[in-house]
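Each number in our numbering corresponds to the 1-based position in the sequence shown with 8 added. Glycine residues also receive a C-beta, built at the ideal position from the N, C-alpha and C atoms. Keep in mind that this is a model prediction, so the values were computed, not measured. Notes for the one structure printed next.
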Amino acid sequence: MKHDCHYHPGDPAKWHCGECQTHYCSRCMPDADTRQRRALCPHCSKAMRYLGAATEVVPFWNRIGAFFRYPFHSDPLIVIAICTLVPVIAPANLIGLIIGLVLALALFKYTYAVINYTAEGHLKPPPVSVAFTGSGFDIVILQLLVFVLMGALVTTAAMLGGPILMLLALAFVVLALPASIMVLAMERSVGAAVNPMNLALLISRIGSPYFLLYGYLILMVFASGAAQDFAVNHFPFWVSQPLAGFLNSTFTLILFHMLGYLLFQYQEELGFAADLQDDTEGQDLSQRDRSARFDADIDMNLKDGNFDRVQTMLKEALKRDRDNSLRIGQLYQLLTARNDTTELYRYHPRLLGWLADRNDGDGMATLLGSLQRAEPEFRLEDPELSVRCARTLYHRGQFKPALRLLQDFHKRFPDSEQLAPAYLLVAQTLANGLNQWEKATAFLTFIQKRCGNHPLHEQIATYLAQAEKREPLKGPKANFAVQD
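If you want it as structure tokens, here you go:
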């Protein structure tokens, strides 16, 4: 059974908590150790079971084309070429016979490695060295023992129960042969590969797809036989021998790759976990972004409706890092959604600064409206922030909120360096935004008289000339002024 993440429907689950009976995807568990298959449930802190790629594997019946392309990768092609062509050119004596036997063993070993490699999540073939180096040649002897024991089972059934029992035993052996090959490849145990209960259990856990695969395997065997027969009957011996060997090896690799993929697809039912090794790699714990765990907890608590918990988490995070823009933005979205004017008022300097950094004049106007409804006498106490917010509002066409922020600025902040930029912004808002030229001229005149030592003073004449002609107030570029 395939499971989706509880919190992200449509995303395949990677972890399962037996205590909470909850499935989690990779986004929910950014701090999980996928290499060591270890993770703790975010809710109960109990160890969870790793599901690997069990919930995201493409069914084998949708990968038929990929199975047929598998032997034509460079590594299997080299193995097939060596094991097929070398015996052809080897001398026809004892040495040639030994060479042919060794290469047959290497090819046999490689095909069984394909099962293991695929079951572990490698959709690309194993390297050439697997066929000719290292241990694993004993698999040939083990497979021969399995065939001998299966033959003995059929013979014993014939001796004890006659033809009917023999046919039943033979039918079971033939049906269970793919399962036996899979078990032998994974466990390297003759006993497990011939144990009827073990084989029946594997078949039952996979279910009907096992029989679908079995049908494919039968078709593959017949196709391989027909292709080899055609090669033998239509080509000379020196061509048909290597061609038949090539076809036999190619179809065998396809068959064993399909068996390995069936194990990989049904890993959860069979009690193990594997990932797609060629595409994804587990992260080391030291390389993970620690903040990702916090974000995942925020996401899950929001989806569980634990809004108070999320709010507390964000406030605690801002105590540790008061200027963290990500957390400020998350808190703003939560408080706005909850219409929590008390907390909006408490955090308004940081929230307004965050909105100003984002040039979000519309969001700022909405927030200021909420604050002023809760506190009709609301005023910003920071002159620099007041000008920043008013500038953001001005550029978004929110003229009246901008003017409200800068109202009586000279009385509230008489000694501020922001006085000239603030009232120039007021003048531009009145002239360019509201078409109130007389009032704009009054504010420009006030700046000219009051802020004689400010660098902006030298530009006021230009603005006054523009106001007299009722042209948009666009003075020379300056760090202190608001420019259109």
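Boundaries of the alpha helix (DSSP H) around Y218: 216 to 242. Per DSSP, Y78 is not a residue of any beta strand (DSSP E), being assigned neither H nor E.
In this structure, L401 places its C-beta atom within 9 angstroms of the C-beta atom of G369. It is roughly 15 angstroms from the alpha-carbon of M266 to the alpha-carbon of P134.
Uninterrupted alpha helix (DSSP H) stretches at least 4 residues long and entirely within the region 394 to 432 occur at 407 to 413, 417 to 420, given in chain order. Runs of the alpha helix (DSSP H) spanning 4 or more residues and lying entirely within the region 443 to 469 occur at 445 to 458, in chain order. A Cβ-Cβ contact shorter than 9 angstroms links L270 with L221. Under the criterion of beta carbons closer than 8 angstroms, L388 and L375 do not qualify as touching, at roughly 12 angstroms. CA-to-CA, the gap between L161 and T63 works out to about 38 angstroms. H265 sits in a helix when the DSSP states are folded into three classes.
Here Y118 is not near A89, since their CB atoms are 9 angstroms or more apart.
For C25, the enclosing beta strand (DSSP E) stretches over residues 23 to 25. Within the same chain, Cβ atoms closer than 6 angstroms to the Cβ of L438 are found at Q444, K447, A448, the five residues on either side in sequence being excluded.
A Cβ-Cβ distance of about 4 angstroms is found for the pair R45 and Y58, placing them in contact under the 8 angstroms criterion. Straight across, the Cα-Cα distance linking E392 with L360 is about 12 angstroms.
Below 8 angstroms, enough C-beta pairs join the region 422 to 433 and the region 462 to 469 to call them touching: three or more. Contact between P409 and A435 is ruled out by a C-beta separation of about 17 angstroms, above the 8 angstroms threshold. DSSP, read as helix, strand or coil, puts H31 in strand.
About 7 angstroms separates the beta carbon of C91 from that of S257, a gap short enough to meet the 8 angstroms contact definition. With a beta-carbon spacing of about 17 angstroms, P250 and V110 fall beyond the 8 angstroms limit used to define contacts. C36 has its alpha-carbon roughly 24 angstroms from the corresponding atom of E128. A Cβ-Cβ contact shorter than 9 angstroms links A398 with L433. Straight through space, the alpha carbons of I336 and L322 are spaced by roughly 8 angstroms.
Assigned with DSSP and collapsed to three states, D305 falls in helix. Counting only residues of its own chain and dropping the five nearest sequence neighbours on each side, F451 has a CB closer than 8 angstroms to the CB of Y431, L432, V434, A435, L438.
Residues of the same chain with a CB within less than 7 angstroms of the CB of A193, apart from the 5 flanking positions on each side, are Y120, I123, N124 in chain order. Non-local C-beta neighbours of Y218 in its own chain, meaning closer than 6 angstroms and more than five positions away in sequence, comprise I211, ordered along the chain.
Per DSSP, W362 is one residue of the alpha helix (DSSP H) stretching across 356 to 365. Exclusion of the five residues before and after Q380 leaves F386 as the residues of its chain whose Cβ lies within less than 7 angstroms of its Cβ. Fewer than three pairs of CB atoms, one per stretch, sit closer than 8 angstroms, so the region 224 to 244 makes no contact with the region 194 to 210.
With respect to the 9 angstroms criterion, A61 and F272 are classified as neighbours on the basis of their beta carbons. By alpha-carbon distance to D390, the top candidate from E383, A382, H403, L413 is L413. Contact between S333 and D365 holds, since their C-beta atoms are separated by about 7 angstroms, short of 8 angstroms. In the DSSP annotation of this structure, the continuous segment of the alpha helix (DSSP H) that includes T92 starts and ends at 82 to 97. Pairing R354 with M308, the inter-Cα distance amounts to about 26 angstroms.
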